[in-house]
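Numbering (the numbering used here), first residue to last: 255 to 789.
What follows is a single structure, written as structure tokens, with notes after it.
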């Protein structure tokens, strides 16, 4: 019986099914681990107070238990807590390991306030007083929340003026400078042109002074209110409301209050900009840069890959040369991605971008415009990296189309080009979409080549804004993959950044899944549309 079973080959079916099942379980398990470690970071944790005795020294420490570690030696379990103490400006560090056996007493105080600051991380302490519009209010958490909400509204106004209004003025002034330089190089900088530029610059300077005056008032207004806190060691700290992002009392919060806080933190993570060396705040610029780069890469790689595949399959003579090219294309898929980054830096950035600056933008010299890493060069580099995938998938799709369909179209009087355009390519479109799906999946997670051709730790502006020509392909951008690398390995505060690494990784996976789902939907609709013709 067993011999018959093995001879039938069914054992290979079961082994393959088992391997696939194990792979799926491992992938799902990894995603769950990332989700738990990442999304759990936003849940408000209980703040505890510990009396720690180390020899003759007694310390009172307060904070969140961030991690628990068991160090088993000689049969003894030396359990340790990693305590997130915050108050970095006072203690000099955010985290501290404490041995459980040294803890004399543990307590949970309901009045503890957690303050998220724009600088120096969290503060853990007790609210002493609130200064609101010159009036001192003793220990009023509601008043604290009121001044924080007002300060956050003012902060948004300040950010809008600085980023949008003043940013647009600075952009226009720079464009005027470049226009003047261009006219000087062309010998056309006449008195009239000079007067026109000076008048426009004077108008912009007047607008700038107006916005600057408004900013000064807002900065003074945002410092009007303040709050005083007492730390567990007895020190007092006074914070202006403008330096506080949010304040809450986690030890008093119920489930619904914690849920509200949780979704508020998740929203901040997705839609806000980073702060504190990318260890706090959000990752919206990185999300925007990742999606923009993938879309541009898809727009570039799809027509190039399809044209190359059509030529090799439909037009090129099938001989040694075509086979050699096909082997070379397949081998390109195995080239390390960093090699593409070096090529992109040398060819796209320095040669092509430098030539564009020399020919079309001589006025920007010596500061390059296109001759420096940017979004367009990153997209082109990744398009080159993923080009073999699209070519191979498209060729496979073209090869599957029955020869009778081509012959029928030609017999009805269509030219070869019309046959390709109206019959062959539409039927091969599902295969093209498959290639695009694989290209997106690979390109979205690449980091090494992007470090050379455009990605940065913190981009001052997005590649898309309200200044003409609106889409600035020459600008540097942020990327989720590089953000993970930067936060996880280059952060000055690794322990604080570790949960954000998981959260950002989960976000990157979700974006790739969403992009793939959209492409799969299009592919399936195309497949259903041309299914009858294939039969």
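Ideal placement from N, C-alpha and C gives every residue a C-beta, glycine not left out.
Which residues in the same chain have their Cβ closer than 6 Å to the Cβ of residue i, if we skip the five residues on either side of it in sequence?
| i | result |
| --- | --- |
| residue 288 | 756, 759 and 760 |
| residue 387 | none |
| residue 334 | 323, 351 and 353 |
| residue 738 | 755, 758 and 759 |
| residue 622 | 611 |
| residue 620 | none |
| residue 608 | 625 |
| residue 366 | 301 and 505 |
Per DSSP, which residues does residue i bridge with? Please list them.
| i | result |
| --- | --- |
| residue 308 | 311 |
| residue 481 | 384 and 493 |
| residue 502 | 368 |
| residue 324 | 333 |
| residue 359 | 305 |
| residue 353 | 334 |
| residue 378 | 368 |
| residue 390 | 385 |
| residue 317 | 302 |
| residue 535 | 528 |
Tell me which residues share the same chain as residue i and place their Cβ nearer than 7 Å to its Cβ, disregarding the 5 neighbours each side in the sequence.
| i | result |
| --- | --- |
| residue 454 | 430 |
| residue 253 | Absent from the structure is residue 253, since the part of the chain shown begins at 255 and ends at 789. |
| residue 477 | 494 and 496 |
| residue 382 | 393, 482, 483, 484 and 490 |
| residue 374 | 342 and 343 |
| residue 297 | 512 and 516 |
| residue 426 | 458 |
| residue 536 | 522, 523, 524, 525, 526, 527 and 528 |
| residue 308 | 356 |
What do you reckon, are the CB atoms on residue i and residue j nearer than 8 Å?
| i | j | result |
| --- | --- | --- |
| residue 339 | residue 377 | no |
| residue 743 | residue 705 | no |
| residue 690 | residue 546 | no |
| residue 595 | residue 703 | yes |
| residue 674 | residue 564 | yes |
| residue 677 | residue 647 | no |
| residue 695 | residue 651 | no |
| residue 347 | residue 411 | no |
| residue 602 | residue 707 | yes |
| residue 447 | residue 439 | no |
| residue 598 | residue 635 | yes |
| residue 777 | residue 617 | no |
| residue 653 | residue 577 | no |
| residue 734 | residue 540 | yes |
| residue 544 | residue 765 | yes |
| residue 306 | residue 358 | yes |
| residue 451 | residue 467 | no |
| residue 349 | residue 749 | yes |
| residue 285 | residue 317 | no |
Closest to residue i by CA distance: which of the options is it?
| i | options | result |
| --- | --- | --- |
| residue 356 | 714, 499 and 313 | 313 |
| residue 593 | 701, 382, 440 and 733 | 701 |
| residue 698 | 715, 722 and 762 | 762 |
| residue 408 | 363, 365 and 475 | 475 |
| residue 303 | 663, 379 and 588 | 379 |
| residue 389 | 587, 348 and 480 | 480 |
| residue 299 | 280, 418, 469 and 319 | 319 |
| residue 712 | 308, 412, 306 and 729 | 729 |
| residue 502 | 271, 720 and 402 | 402 |
| residue 532 | 745, 309 and 277 | 745 |
| residue 632 | 538, 569, 400 and 552 | 552 |
| residue 362 | 488, 507 and 397 | 507 |
| residue 293 | 752, 655 and 658 | 752 |
| residue 606 | 510, 630 and 715 | 630 |
| residue 465 | 441, 683 and 423 | 423 |
| residue 769 | 488, 627, 548 and 428 | 548 |
Can you give me the Cβ contacts of residue i inside the same chain, cut-off strictly under 8 Å, excluding the 5 residues immediately before and after it?
| i | result |
| --- | --- |
| residue 371 | 377, 493, 497, 498 and 499 |
Would you list, in sequence order, the uninterrupted alpha helix (DSSP H) runs of no fewer than 4 residues that lie entirely inside the segment 703-762?
704-707 and 734-743
Which runs of the alpha helix (DSSP H), 4 residues or longer, sit entirely within the segment 602-627?
608-614
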